[in-house]
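Below you'll find the structure, written out as structure tokens, and then a few comments.
Protein chains: 2
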Amino acid sequence: MANVKESSTNQMNKRLVTTKCPVTFIAYKMGNRWKPLVIRQLFSGTMRYGELKRAVPAISEKMLIQTLKELEADGIISRKAMPIIPPHVEYNLTECGRDLEPVISEMVKWSLKYNV
Amino acid sequence: MANVKESSTNQMNKRLVTTKCPVTFIAYKMGNRWKPLVIRQLFSGTMRYGELKRAVPAISEKMLIQTLKELEADGIISRKAMPIIPPHVEYNLTECGRDLEPVISEMVKWSLKYNV
DNA sequence: TTTGATACACACTTTTTGGTAGGTACTTGA
DNA sequence: TCAAGTACCTACCAAAAAGTGTGTATCAAA
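Here the protein sequences line up with chains A and B, keeping their order.
My numbering applies: residue 1 is where the first sequence begins, and numbers increase by one.
My numbering applies: residue 1001 is where the second sequence begins, and numbers increase by one.
What follows is the structure, encoded as structure tokens:
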């Protein structure tokens, strides 16, 4: 997405680890700072870019679109842009994204048990 | 763990996000590069430092102890050091760590469905 | 005519993570 | 006496992630 040095040991290890371990694989798909928050919003249905922005107020616009682009590239969400002015863009979970529900629900269970 | 600037926006957002979102909370606990691999090893029982090193060959010693220290600090694993020479140190999952099993199993399911 | 809303894009800097390469202490076996 | 095994620790550097600030086009309302 943003300036990756494919030849670095870091990237080699990342590839190694994500191909050898299913947990690390999914962790890289949905485990960074903002992805879970965006995914969670979309569980309740279609949302526009601006709605997402307001729903996750602490996120910067850069991180929001970056997150959305990555999720889209990974097939977790879909993007539908209406060719009108002013622009109107809708985001949705794909089937793959909706399949994250049981994963997320187990994560929430654990967190509620061991979090404050 | 290593040189964190508590006052940065980065850290503030991290705190915000991990306290407000249970998914992000657990993601930070077990979702970085090496933690899942180490945790997985320990699912099969007690292991010594050197055994873990051999079981996860690509990991550097620095990352291995760093990973172990963090998991220990988070109460996910326990460390037992025998006061003998040469040293003998055993690592184990705590109850909290073992409770990651259902989470991990859901993650694996998703990964196997959507991975190559 | 300026402002606001829409949904971004891009250059730049700060902060964090991960990797490299060395060293520690102590003992046993060759 | 020299190497090997045990379980680490530390300083340093490269790379990635996250954050800041500005700019884009188009239209409608004030």
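The C-beta atom is built at its ideal place from N, Cα and C for all residues, glycine as well.
- Here DSSP, grouped into helix, strand and coil, assigns A/Ser78 to strand.
- In the assembly as shown, A/Ala27 is a buried residue. Its beta-carbon has 16 or more other beta-carbons within 10 Å.
- Taking all protein chains shown into account, A/Ser111 has 16 or more neighbouring C-beta atoms within 10 Å of its C-beta and is therefore buried.
- Between B/Pro1022 and A/Asn115 a beta carbon distance of about 6 Å is seen, short of the 8 Å cut, so the two are scored as contacting.
- Residue environment: B/Gly1097 is assigned as buried (16 or more neighbouring CB atoms within 10 Å of its CB, all protein chains considered).
- In this structure, A/Ile77 places its C-beta atom within 8 Å of the C-beta atom of A/Leu42.
- Secondary structure note for A/Val89: its beta strand (DSSP E) is the uninterrupted segment His88 to Leu93.
- At least one CB atom of chain B sits nearer than 8 Å to the CB of A/Thr24.
- Within the model, the alpha-carbon separation for B/Ile1104 versus B/Ile1085 is close to 37 Å.
- Within the region 1081-1110 of chain B, contact with chain A at the beta-carbon level (separation under 9 Å) is assigned to Cys1096, Asp1099, Leu1100, Pro1102, Val1103, Ile1104, Ser1105, Glu1106, Met1107, Val1108, Lys1109 and Trp1110.
- DSSP places B/Arg1033 outside both helix and strand once states are collapsed to three, so it counts as coil.
- Its chain contains Thr1024, Phe1025 and Tyr1028 as the residues whose beta carbon lies nearer than 6 Å to that of B/Thr1018, once the 5 sequence neighbours on both sides are disregarded; these appear in chain order.
- Between A/Gly75 and A/Thr94 the beta-carbon gap is near 6 Å, inside 8 Å, which marks them as a contact.
- Listed in chain order, the non-local C-beta contacts of B/Ala1055 below 6 Å within the same chain comprise Gln1041, local neighbours out to five positions each way being set aside.
- Going by DSSP, B/Ser1105 is part of the alpha helix (DSSP H) stretching over Leu1100 to Tyr1114.
- Chain-ordered, the chain B residues with CB closer than 8 Å to the CB of A/Arg33 read Asn1013, Lys1014, Val1017 and Thr1024.
- Distance from A/Val38 to A/Thr67 at the Cβ level is roughly 5 Å; contact confirmed, criterion being Cβ atoms closer than 8 Å.
- If you draw a straight line from the Cα of B/Ser1044 to the Cα of B/Glu1106, it comes to about 18 Å.
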